[in-house]
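Residue numbers (the working numbering): 5 to 276. Idealized CB from N, CA, C, for every residue including glycine. Keep in mind the model is a prediction, meaning the values are calculated, not measured.
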Amino acid sequence: MCVNDLIVQGAEPLFFLDYFASGKLLLETAEAVVSGIAEGCRIAGCALIGGETAEMPGMYAADDYDLAGFAVGAVERGEQLTGDRVGPGDVLIGIASSGAHSNGFSLIRRIIARGGHALASAAPFAPDLSLGEALLVPTRIYVRSLLPLVRAGQIKAMAHITGGGFLENIPRVLPEGARAIVEAPPLPPLFDWLRREGGIAPEEMARTFNCGTGMVIVVAADTVDAVLAALSAAGESASVIGHVIAEAKGCDVIGAAGSWGSAAAWTASHNG
């Protein structure tokens, strides 16, 4: 999540540091955690240059641990992505997520608890995985796919779809007088299951989860084909999901009748 937040600024991640704390240091657990962090750094092309480990008996329950971290990146002065080049007629491209990423888990836990689902049982939407495994698929890291496009000047703005979903994240990268219109893409099985199990309205889905789209990029209309080809060559699944119009700053997610479980056509909106 940290390195994805850097690339949307046009910054290349340079290094990452972690903090791992527990009541009693279990070497097997700590090794697994740090190995995962190191793999994430490898994927992002940044260095894991250090970290802090703390053992604090009485602060944590048995087998529990606390994990935090941060990343530092760099971008040439004047080349950062601020969204100031975005305007009407620009196109929104959505890049697929790997799953829930790191958002909406308070609601996910409630859905699991209310439905009496066991994390060790087969996931109803992915029977080859346990429910726990399917929910904890690591967040997709987009740095290596997007950095060449950033350096080539083909991306005007990017929104990392985290907490707040489409509705709250996309407007953050738009200038005044630019509004994003997103045509609701089909929900992947995980999110359709969450919608059904939780009885979640389309508007809430668009504000809580990434709904299968982990990153949205804004490009000029005449570069869409080239950008989609580059993303495909980099191993990403990407498609056009909307466009920018000249209206008050914000985002509208528009769904046809039958989409996201709604019998009627629907619109979810966020202004500012």
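- For Leu71, the beta-bridge partners assigned by DSSP are Phe24.
- Going by DSSP, Asp132 is part of the beta strand (DSSP E) stretching over Ala130 to Ser134.
- The alpha-carbon of Asp196 is positioned some 35 Å away from that of Tyr64.
- Taking a 10 Å sphere around the C-beta of Lys28, we find fewer than 16 other C-beta atoms and assign the residue as exposed.
- Here DSSP, grouped into helix, strand and coil, assigns Ala156 to coil.
- In the structure shown, the three-state DSSP call for Asn275 is strand.
- In the structure shown, Asp256 falls within a strand segment according to DSSP collapsed to helix, strand and coil.
- Using a Cβ-Cβ distance cut-off of 8 Å, the region 91–108 and the region 47–57 are not in contact, since fewer than three pairs of beta carbons, one from each stretch, lie closer than that value.
- Counting along the chain, Ser243 sits inside the beta strand (DSSP E) bounded by residues Ala242 to Ile249.
- For Glu201, the closest alpha carbon among the candidates Leu151, Gly265, Ala184 and Val79 is that of Gly265.
- Beta bridge pairing from DSSP links Gly77 with Pro17.
- A distance below 8 Å between beta-carbons, with the five flanking residues on each side excluded, links Ser106 to the following residues of its chain, in chain order: Met5, Thr143 and Thr166.
- For Ala34, the uninterrupted alpha helix (DSSP H) segment begins and ends at Leu31 to Ala48.
- A direct Cα-Cα distance of roughly 34 Å separates Val244 from Leu123.
- According to DSSP, Arg183 shares a beta bridge with Ile249 and Gly254.
- Here the C-alpha atom of Pro175 lies approximately 15 Å from the C-alpha atom of Asn214.
- Non-local C-beta neighbours of Gly246 in its own chain, meaning closer than 7 Å and more than five positions away in sequence, comprise Leu96, Ala184, Ile185, Val186 and Glu187, ordered along the chain.
- CA-CA distance, Asp256 to Glu208, rounds to 13 Å.
- In this structure, Val147 sits near Gly49, with a CB-CB distance shorter than 9 Å.
- Cβ neighbours of Phe19 within its own chain (closer than 6 Å, five residues either side excluded): Cys50, Ala51, Ile53 and Val76.
- Met162 sits away from Leu232, with the two beta carbons spaced by 9 Å or more.
- For the options Gly40, Gly103, Val79 and Asp67, the alpha carbon positioned closest to that of Gly73 is the one of Gly40.
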